[in-house]
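In the working numbering, the protein residues as written are 284 to 664.
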Ligand code: PHB
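Shown next as structure tokens:
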């Protein structure tokens with residue numbers, strides 16, 4: 284039997300002590316309460332079921348209406364959303380867990396149907412993301428996947444406004460009780476659009492050179508750190524990721540630059556989304572090693588890891604923790620299953636987005652399976 288001792292060793296993530304290195308990855312589930320994109324009791328149950336994760340990273344959560352790119356994703360910019368999230372956090376804490384809120388602005392990955400007054404979405408430059416869809420509710424009430432529309436370019440006062448919205452969202456998250464906040468700089472959304480060589484064609488101090496392309500993300504990190512403390516901030520990046528029309532060119536170099544800047548800022552963690560479900564070539568061991576050398580605090584990788592590969596990455600010192608998406612979605616007690624090397628439930632893609640309890644809070648834990656088996660045995664007696 285192979286050892287899982289590294290996966291189950293404690294880890295301090297900034298201000299937060301955690302009991303293991305098995306994280307739940309952020310997963311869009313599109314089940315926020317309507318109207319208002321408010322987290323519900325059902326959402327609280329889903330997260331509380333997964334409280335044995337070393338750290339839960341919440342689904343991506345928009346910091347403003349402008350930052351929304353898909354119907355039914357939760358927000359963190361109204362009092363009702365903050366109150367809804369407080370109930371989620373209380374349920375997770377009550378179940379013994381820890382949770383970070385992922386702060387999200389989709390930028391150009393949106394559509395006038397999702398925007399205030401039918402406005403176009405916003406971006407670094409007026410360049411539409413090719414082969415990219417968002418999820419809207421059409422005027423006749425039917426939900427639909429539609430191609431994103433061309434954004435308009437953000438002005439500098441608007442960039443300053445959005446930096447302030449990130450800080451306000453971080454404060455709301457802390458007021459709701461979240462242990463940490465994760466700034467979403469990955470997967471082709473707004474901050475990634477500024478980092479990207481193709482999506483960002485600006486000629487001001489937010490475009491061109493590496494320091495210029497990284498400026499917006501780092502301003503957001505600094506403002507959020509000012510609001511809630513650097514020891515409560517994580518950042519997610521996706522080097523070599525091509526989701527939502529990001530370019531591979533310069534991507535790793537950009538991530539290494541940002542990682543070094545984040546290292547200087549002494550934030551709690553850096554979370555690397557490896558290319559997996561969204562295509563793109565996998566990171567090499569050398570690339571992971573370069574990220575490790577650039578960032579000295581907690582470094583977490585995510586993307587199609589098995590327990591064995593996760594254990595090996597931590598044992599080798601490349602990763603401090605590994606995040607699991609689909610496996611955690613389908614296995615609320617994933618750490619216990621890893622510990623016992625128990626079989627895993629298979630995720631059902633037809634219930635990933637939208638809907639209710641089915642495919643959300645009804646994946647069985649081992650205990651539930653055990654109780655069922657016990658009942659079966661009792662009946663047969
Ligand atoms: C999605 O909802 O499709 C989504 C959200 C956040 C990500 C990636 C994908 O980082």
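Here a beta-carbon is modelled for each residue, glycine too, at the ideal position from N, C-alpha and C. Values in this document were obtained by computation on a predicted structure and should not be read as measured data.
- Here the alpha carbons of residue 396 and residue 421 stand approximately 7 Å from one another.
- Here residue 594 is actually not in contact with residue 394; their C-beta atoms are around 42 Å apart, not less than 8 Å.
- Taking the Cα positions, residue 476 is about 11 Å away from residue 525.
- Annotation: residue 451 to residue 630 spans about 35 Å, alpha carbon to alpha carbon.
- Ranked by Cα distance from residue 439, the first of 620, 407, 429 and 454 is 407.
- In the DSSP assignment, residue 416 falls within the beta strand (DSSP E) that extends over 416 to 420.
- One residue after another in chain order, those with a Cβ under 6 Å from a heavy atom of ligand 1 are 311, 343, 353, 469 and 470.
- Between residue 389 and residue 412, the C-beta spacing is not below 8 Å.
- Counting along the chain, the unbroken beta strand (DSSP E) around residue 341 starts and ends at 339 to 345.
- The beta carbon of residue 433 lies closer than 8 Å to those of 391, 403, 409, 410 and 411 in the same chain, with the five residues before and after it left out.
- If the five residues before and after residue 508 are omitted, its C-beta is found closer than 6 Å to the C-beta atoms of 516, all from its own chain and listed in chain order.
- Between the alpha carbons of residue 628 and residue 638 lies a gap of roughly 20 Å.
- Inclusion of residue 480 and residue 447 in the CB contact set at 8 Å is not warranted, their separation being larger than that value.
- Here DSSP, grouped into helix, strand and coil, assigns residue 606 to strand.
- Residue 575 is bridged by DSSP to nothing; it lacks a bridge partner.
- Membership of residue 363 in the alpha helix (DSSP H) is indicated by the continuous run 362 to 377.
- Contact check between the region 479 to 497 and the region 549 to 563: fewer than three CB pairs, one atom from each, fall below 8 Å, which does not count as touching.
- Taking C-beta atoms as the reference points, residue 636 and residue 614 fail to come closer than 8 Å.
- Pairing residue 482 with residue 649, the inter-Cα distance amounts to about 46 Å.
- Residue pairing for residue 584: DSSP places it in a beta bridge opposite 555 and 605.
- Residue 567 counts as exposed, since fewer than 16 other beta carbons sit within 10 angstroms of its beta carbon.
- The C-beta separation of residue 520 from residue 468 comes to about 5 Å, placing the pair in contact by the 8 Å criterion.
- In the DSSP assignment, residue 294 forms a beta bridge with 301.
- Look at residue 439 here: in three-state DSSP terms it is helix.
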